[in-house]
Structure formats: C-alpha cells, structure tokens
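Residue numbers (our numbering), protein chains in the order written: chain A, 3 to 152; chain B, 3 to 152; chain C, 3 to 152; chain D, 3 to 152.
Shown next, in structure tokens, is the structure this report addresses.
Protein chains: 4
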Amino acid sequence: MVRYRIDRHSGVTAYMQIVQQTKQAMRLGLLVPGDRLPTAREVVGMTAINPNTVHKAYRELEHEGLVESRRGAGTFVTRSLSRPETSGDSALRAGLLQWLRQARAAGVGRDDVTALFTDLVGGYDALPQEAPQPAPADPHATCQTEIEET
Amino acid sequence: MVRYRIDRHSGVTAYMQIVQQTKQAMRLGLLVPGDRLPTAREVVGMTAINPNTVHKAYRELEHEGLVESRRGAGTFVTRSLSRPETSGDSALRAGLLQWLRQARAAGVGRDDVTALFTDLVGGYDALPQEAPQPAPADPHATCQTEIEET
Amino acid sequence: MVRYRIDRHSGVTAYMQIVQQTKQAMRLGLLVPGDRLPTAREVVGMTAINPNTVHKAYRELEHEGLVESRRGAGTFVTRSLSRPETSGDSALRAGLLQWLRQARAAGVGRDDVTALFTDLVGGYDALPQEAPQPAPADPHATCQTEIEET
Amino acid sequence: MVRYRIDRHSGVTAYMQIVQQTKQAMRLGLLVPGDRLPTAREVVGMTAINPNTVHKAYRELEHEGLVESRRGAGTFVTRSLSRPETSGDSALRAGLLQWLRQARAAGVGRDDVTALFTDLVGGYDALPQEAPQPAPADPHATCQTEIEET
DNA sequence: GTGGTCTAGACCACA
DNA sequence: GTGGTCTAGACCACA
Numbered sequence: 003m004v005r006y007r008i009d010r011h012s013g014v015t016a017y018m019q020i021v022q023q024t025k026q027a028m029r030l031g032l033l034v035p036g037d038r039l040p041t042a043r044e045v046v047g048m049t050a051i052n053p054n055t056v057h058k059a060y061r062e063l064e065h066e067g068l069v070e071s072r073r074g075a076g077t078f079v080t081r082s083l084s085r086p087e088t089s090g091d092s093a094l095r096a097g098l099l100q101w102l103r104q105a106r107a108a109g110v111g112r113d114d115v116t117a118l119f120t121d122l123v124g125g126y127d128a129l130p131q132e133a134p135q136p137a138p139a140d141p142h143a144t145c146q147t148e149i150e151e152t
Numbered sequence: 003m004v005r006y007r008i009d010r011h012s013g014v015t016a017y018m019q020i021v022q023q024t025k026q027a028m029r030l031g032l033l034v035p036g037d038r039l040p041t042a043r044e045v046v047g048m049t050a051i052n053p054n055t056v057h058k059a060y061r062e063l064e065h066e067g068l069v070e071s072r073r074g075a076g077t078f079v080t081r082s083l084s085r086p087e088t089s090g091d092s093a094l095r096a097g098l099l100q101w102l103r104q105a106r107a108a109g110v111g112r113d114d115v116t117a118l119f120t121d122l123v124g125g126y127d128a129l130p131q132e133a134p135q136p137a138p139a140d141p142h143a144t145c146q147t148e149i150e151e152t
Numbered sequence: 003m004v005r006y007r008i009d010r011h012s013g014v015t016a017y018m019q020i021v022q023q024t025k026q027a028m029r030l031g032l033l034v035p036g037d038r039l040p041t042a043r044e045v046v047g048m049t050a051i052n053p054n055t056v057h058k059a060y061r062e063l064e065h066e067g068l069v070e071s072r073r074g075a076g077t078f079v080t081r082s083l084s085r086p087e088t089s090g091d092s093a094l095r096a097g098l099l100q101w102l103r104q105a106r107a108a109g110v111g112r113d114d115v116t117a118l119f120t121d122l123v124g125g126y127d128a129l130p131q132e133a134p135q136p137a138p139a140d141p142h143a144t145c146q147t148e149i150e151e152t
Numbered sequence: 003m004v005r006y007r008i009d010r011h012s013g014v015t016a017y018m019q020i021v022q023q024t025k026q027a028m029r030l031g032l033l034v035p036g037d038r039l040p041t042a043r044e045v046v047g048m049t050a051i052n053p054n055t056v057h058k059a060y061r062e063l064e065h066e067g068l069v070e071s072r073r074g075a076g077t078f079v080t081r082s083l084s085r086p087e088t089s090g091d092s093a094l095r096a097g098l099l100q101w102l103r104q105a106r107a108a109g110v111g112r113d114d115v116t117a118l119f120t121d122l123v124g125g126y127d128a129l130p131q132e133a134p135q136p137a138p139a140d141p142h143a144t145c146q147t148e149i150e151e152t
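Dropping the structure here:
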C-alpha cells in the first residue's frame with residue numbers, strides 16, 4: 003500500500019501533498035491500474051489528517067481522470083503514468099542512484115543535492131531531445147568528464 | 003540580482019516559493035553573506051505578488067537566521083549556505099547534467115525525471131557516506147553501468 | 003482564559019505586547035503545555051486589534067517554539083516556562099509584594115518604582131548566585147535593613 | 003554621561019527607547035537639571051543609529067518640557083524627575099536589591115524576575131497608599147512572612 | 001527610498 | 001468555526 007507522508011512545514015497544502023504523492027507513486031509504477039488507494043481511514047491513520055482532506059485529494063485525482071471511486075469498494079487507479087524508462091531496474095534509475103552515491107560520498111547533504119537538481123532540471127526542457135551524447139562509442143571519455151572537472 | 007519566479011500552479015504558497023528560491027540561490031553560491039536581497043518593490047516588479055508577501059518571506063528567512071533586514075537600508079544575507087562541491091564548475095554538477103541529458107535523450111519527461119529523483123533522494127541519508135563504490139580502482143566498470151543501454 | 007490588554011501609548015507594538023503577555027502568562031504558570039490560546043476572534047474581542055495582528059503574534063510565538071497552531075483547531079501551548087519559585091504562593095512573590103507595599107506607602111509612584119526596578123535588574127546577572135546574604139544566621143538584621151526608615 | 007542601549011528586537015522603536023532611557027536616568031537622578039545630554043554624534047557612536055533618530059527623540063523630550071536645546075551648545079536637562087525615595091542610598095533601593103539577591107540565590111532567572119515584577123506592579127495603583135504595614139513595631143513577623151511561605 | 005506595522009477584508013484549508 | 005494566505009493600502013521609522 004502507498005504510504006503518504008504529510009510535511010506541515012512545506013508550504014504545500016495537505017490535500018495537494020496527497021495528490022502529488024499519489025501521482026508520484028503512479029509514475030514510479032508503484033500504483034498501477036486496478037490498484038486500490040488506501041481508504042480515508044487508513045490515510046488518517048498514517049498522517050493524522052482529517053478524512054475530509056483525504057476525500058478532497060481523491061476527488062481531485064478523480065477529476066483528473068486518474069482514479070475512480072466505487073461506492074462501498076474503495077478508490078481505484080484507472081490509468082497508468084509509469085514509464086519503463088524509470089522503472090526499478092532501468093538504467094536511468096541506476097545512473098541517478100550512482101550519482102547520488104557520489105554526492106553522498108563527497109559529503110554533500112541532501113538539501114544541497116536537491117538544490118542542485120532543482121537548479122539543473124529548471125533547464126531540462128531546453129536540453130537536446132535526441133541523443134547528441136559526446137562520444138557514446140567511448141564511454142571512458144564521458145567518465146573522465148564526469149569524475150574530473152568538466 | 004536574484005530573480006524570483008512564482009509558479010501559481012505548483013501548490014506551494016507564494017511566500018514559501020520566495021523562501022525556497024532564496025535558500026536555493028544561497029546554496030548555489032549566487033547569494034553570499036553581505037549581498038542585499040532585492041527590495042520588496044523589486045520583487046513586486048518581477049513577480050506581481052504583494053509587498054506584504056515578500057515581507058513575510060524575508061521575515062521567515064530572518065527567523066531562520068539567514069538574512070537580516072535593516073530598516074531603511076534593505077535586507078542582507080548573513081550566512082553562507084554554499085558548498086564548493088555543488089558550484090557551477092563542480093564535477094557533481096557536471097555529472098548530474100550529464101544524467102539529465104541522457105534522460106532527455108531517452109524521451110523521458112521532466113515530471114518523470116523529477117519523480118525519479120524525488121523517489122531516490124528519499125533514501126539519500128541511508129546511502130553510504132564513505133566511497134564504497136563497486137570498483138573504485140576501475141572507474142570504467144562504473145561508467146559501463148551508468149551508460150550502457152540508456 | 004488569558005486576558006490580553008493592549009496599551010497603545012506604551013511605545014511597544016501591539017503584536018509584541020501579545021507576545022510578551024503570553025510569555026508572561028507562561029512564566030507565571032497561567033498557561034501550561036496543552037492549553038489553548040484564545041482564538042484570534044476572541045483576542046479581537048478583548049483588545050480591538052486586527053486578527054492579522056494576533057496571527058502575527060502567535061506566529062512569532064510558534065517560531066520561538068512555545069506554541070503550535072493547528073488549523074481548524076486552535077493554537078496550543080507546547081512548552082512550559084513556569085517556575086515554582088515565582089508561583090502565586092511563593093515566598094519570592096510575597097517578598098516582592100511586600101516591597102511594593104512599602105514603596106506605595108512611601109508615596110512613590112508606579113513609574114518611579116518601575117524605573118528603580120529596571121535600573122537594578124540591569125545588574126541582575128552580576129549578583130551572586132549563591133546566598134552570601136550579610137548574616138544568614140540572623141535574619142533580623144536583614145529585616146531591619148529592609149524595613150527601617152522606609 | 004548617560005549610556006544608551008538600543009534593543010532592536012524589543013518591539014519599541016529606536017527613538018522611543020532613547021526617550022525612555024533618558025527619562026529613566028532622570029528619575030534615578032543620573033541626569034539632573036543643567037546636565038547636557040550626549041550629542042547626536044555621541045549617541046550615534048554608542049548605538050549605531052542615525053542622527054535623525056536621536057534628534058527625533060530629543061525633540062520629543064523637549065516637547066514634554068524635560069530638556070531644552072541651545073543652538074551650538076547642546077541639549078540640556080531642565081527639570082528634575084528624581085525622587086529622594088529612590089536615590090542611590092535609599093532604603094527602598096536597598097530593599098529591592100535585597101529581594102533581587104534572594105531571587106538570584108534561589109536560581110531564578112532574570113526573565114522570570116521581570117515577569118514577576120511586571121505581574122505585581124500591574125496592581126500597584128490598587129495598593130493602599132497610607133502605611134498599613136502589618137506590624138512596623140515588630141519587623142520579625144514581616145521577615146518570617148517574607149522568608150518562609152506566605 | 002527602504003523596511004515595519006497595522007487595518008480591512010477576501011478566500012481557502014481543515015476539523 | 002478555526003487558522004493560513006494574500007491583497008490593497010495607509011502610515012510610520014529610519015538612512
């Protein structure tokens with residue numbers, strides 16, 4: 003079952019956090035069509051928020067066409083947001099994990115890592131969409147670049 | 003001067019976005035101790051939010067001990083959050099940029115990239131802090147993992 | 003319930019008076035952890051100040067870690083500042099009250115009494131912390147000093 | 003020369019702090035008619051506030067008829083606010099100092115002592131103005147009261 | 001011109 | 001009903 007965590011100091015409203023975390027789980031393939039979302043009661047148990055707030059979040063998801071609530075049965079995922087490229091055994095995932103390990107080994111804190119990501123992802127849509135990778139035939143060069151100085 | 007951008011659809015309150023973007027700029031070394039933050043009027047000019055909202059954000063930063071406002075003079079950065087490891091010419095930054103290029107070339111969207119990051123950074127603090135990388139003596143192997151079939 | 007009183011001629015801003023009076027009540031044990039502060043509306047009722055001003059005061063207290071506001075529920079005291087030594091039936095309290103009576107009987111005004119206190123408390127931290135009272139074995143002498151010719 | 007100290011977090015404006023501290027000094031007899039107040043330049047030196055602010059404070063004092071500024075000579079005290087009852091060698095002063103020593107010896111902090119004073123002085127004007135002291139002929143009883151429990 | 005305080009009032013999130 | 005956010009705008013303190 004998905005686990006929700008509400009951060010009351012994040013500046014994001016509680017119901018929106020539920021919405022975002024649900025979508026997040028769908029993107030990662032943790033929630034796929036047919037899966038049932040936790041009941042309001044269950045969410046209340048994990049987050050200490052009011053059931054009305056959970057309902058509001060689920061209504062929002064339903065409105066976006068991502069889930070469907072069936073009377074007496076629960077709320078179910080109806081669409082898939084997952085992409086094979088970001089699944090548990092994907093190379094992209096492995097690559098990012100690798101990078102995070104380097105950052106961690108370099109003693110960089112989580113907040114700084116997040117700041118760096120946020121900064122760079124801001125220009126994401128401007129990156130080339132087709133693979134103009136420097137030298138795919140010679141990964142070593144790429145490595146050098148990555149480990150030395152760019 | 004720092005530039006703020008308010009995304010009214012992000013679910014994050016406006017004043018909190020100012021707070022986060024300011025800290026972000028401090029982490030990236032764009033704002034260092036002694037620098038003056040934009041005046042409330044200037045922020046109003048760039049973002050079309052109310053001066054009171056700017057003031058609220060700056061006050062929050064002041065409460066956190068990051069800035070100090072001096073009546074009639076402006077609001078000034080008092081602490082440094084920047085780390086050399088994440089600066090503009092750092093290897094970490096280059097590495098992450100490289101990874102983002104791969105993701106983009108693979109046709110993965112910005113939201114999915116962000117979902118992946120959010121997911122993995124959740125376990126960041128559990129990663130080993132000292133470099134137990136598979137084969138530190140042979141960086142090529144590491145590269146393979148990172149680049150193959152992406 | 004705590005009662006706030008705003009003195010508009012004191013030179014202290016309204017929100018700060020709320021902050022100080024709340025801390026004051028906490029120190030005197032009139033507000034203890036778990037207690038709910040008056041709602042913004044109630045404070046507006048007793049003081050004729052704007053709800054935003056009350057909110058500002060409560061937020062300041064929250065920043066100092068003394069209270070916690072729960073949306074839809076109210077604002078609650080989370081820490082204790084009370085000390086048994088200054089409670090309603092303490093000897094210290096009785097002693098000070100006795101001194102104030104003497105001052106009043108001598109025809110000294112409230113402003114002068116306050117000036118005297120402010121002046122002497124300025125050196126409070128320099129007073130000996132252990133009891134080197136002139137003649138602890140003979141309290142009568144001490145009494146003389148305190149009462150004679152007043 | 004009087005020493006001013008500005009507390010920027012007290013909620014009292016700077017010029018008002020100058021006014022209050024000046025009156026305070028006058029009440030305690032530290033400033034008597036004929037004394038010259040520090041020049042704006044001197045105050046700027048001790049407090050790091052703007053000379054305009056000092057002028058504003060002095061103007062306020064002049065408006066209240068307490069001081070008088072003479073062109074090219076300085077600002078001079080014209081009235082006395084001091085009372086013999088609160089002078090340096092008064093019994094009242096000694097009594098309060100004695101009480102403060104007891105509080106300090108009991109381990110009570112400055113903030114708590116101030117809270118207690120503020121609390122009790124609030125009812126000062128309601129205290130009896132003529133001397134109905136319990137038993138001036140037998141100070142011992144009073145002492146007991148003060149030291150034991152009341 | 002710069003920040004600080006306060007008011008009045010709208011609208012939302014939450015219990 | 002309770003607190004949170006935001007706007008619009010007035011007025012003040014300060015440099």
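Positions of the beta carbon are idealized from the N, C-alpha and C atoms, including for glycine.
Proximal chain C residues relative to residue i, where beta-carbon distance stays under 7 Å
i	result
Tyr-126 of chain D	Leu-102, Arg-106, Arg-112, Val-115
Delimiting residues of the beta strand (DSSP E) encompassing residue i
i	result
Thr-77 of chain B	76 to 79
Strand pairing of residue i, partner residues [DSSP]
i	result
Val-69 of chain B	B:Val-79
Val-14 of chain D	C:Val-14
Arg-38 of chain D	D:Phe-78
Limits of the unbroken alpha helix (DSSP H) element including residue i
i	result
Arg-1 of chain D	Only positions 3 to 152 of chain D appear in the structure, and residue 1 of chain D is not among them; the question remains open.
Gly-97 of chain B	93 to 107
Arg-112 of chain A	112 to 123
Which listed residue (the options) has its alpha carbon closest to that of residue i
i	options	result
Ala-93 of chain A	B:Trp-101, B:Ser-92, B:Arg-95, B:Gly-90	B:Trp-101
Met-18 of chain C	C:Thr-77, C:Arg-29, C:Arg-95, C:Lys-58	C:Lys-58
Val-56 of chain A	A:Arg-72, A:Val-45, A:Arg-73, A:Ser-71	A:Val-45
Gly-125 of chain D	C:Val-123, C:Gly-125, C:Val-115	C:Val-115
Met-3 of chain A	A:Asp-121, A:Gln-131, A:Ser-82, A:Phe-78	A:Phe-78
Ser-89 of chain D	D:Gly-109, D:Gln-26, D:Arg-103	D:Gln-26
Ala-50 of chain A	A:Gln-131, A:Arg-7, A:Pro-130	A:Arg-7
Arg-85 of chain A	B:Arg-95, B:Leu-98, B:Gly-109	B:Gly-109
Arg-103 of chain A	B:Ser-82, B:Pro-130, B:Thr-80	B:Pro-130
Arg-72 of chain C	C:Arg-43, C:Leu-33, C:Arg-38	C:Arg-38
Leu-83 of chain D	D:Ala-96, D:Val-69, D:Gly-74	D:Val-69
Arg-81 of chain C	C:Ile-20, C:Leu-32, C:Met-48, C:Gly-97	C:Leu-32
Thr-41 of chain D	D:Ile-20, D:Val-34, D:Leu-30	D:Ile-20
Asp-113 of chain A	B:Arg-112, B:Arg-106, B:Asp-127	B:Asp-127
Arg-43 of chain A	A:Pro-35, A:Asn-52, A:Gly-36	A:Asn-52
Leu-99 of chain C	D:Thr-120, D:Glu-87, D:Asp-91, D:Gly-111	D:Thr-120
Glu-87 of chain A	A:Arg-106, A:Gly-111, A:Arg-29	A:Arg-29
Gly-47 of chain A	A:Pro-35, A:Arg-5, A:His-11	A:Arg-5
Ala-75 of chain D	D:Ala-105, D:Ala-96, D:Gly-36, D:Ala-16	D:Gly-36
Val-123 of chain B	A:Val-123, A:Leu-122, A:Arg-106	A:Arg-106
Amino acids of chain A, ordered along the chain, whose beta-carbon sits closer than 7 Å to that of residue i
i	result
Lys-9 of chain B	The amino acid at residue 9 of chain B is misidentified as Lys; the sequence shows Asp. Residues of chain A passing the Cβ test: none, with the nearest at roughly 11 Å.
Contact list for residue i against chain B, beta-carbon separation under 8 Å
i	result
Thr-15 of chain A	Gly-13
Met-18 of chain A	Gly-13
Interface partners of residue i on chain D, CB under 8 Å
i	result
Val-123 of chain C	Leu-102, Arg-112, Val-115, Thr-116, Phe-119
Residue i CB to nearest heavy atom of the ligand FMN below 6 Å
i	result
Glu-62 of chain A	Among the ligands in the structure shown, none appear at all, so the ligand FMN cannot be discussed.
Next item on the list: Note down, in chain order, all residues in the segment 26 to 59 of chain C with a beta-carbon under 7 Å from any beta-carbon belonging to chain D.
Entry: Gln-26, Arg-29, Leu-30: these are the residues of the segment 26 to 59 of chain C whose beta carbon lies less than 7 Å from some beta carbon of chain D, given in chain order.
Next item on the list: Pull out every residue of the segment 61 to 95 of chain D whose Cβ sits closer than 7 Å to any Cβ of chain C, in chain order.
Entry: For the segment 61 to 95 of chain D, the residues whose beta carbon sits under 7 Å from a beta carbon of chain C are, in order, Arg-85, Glu-87, Thr-88, Ala-93, Leu-94, Arg-95.
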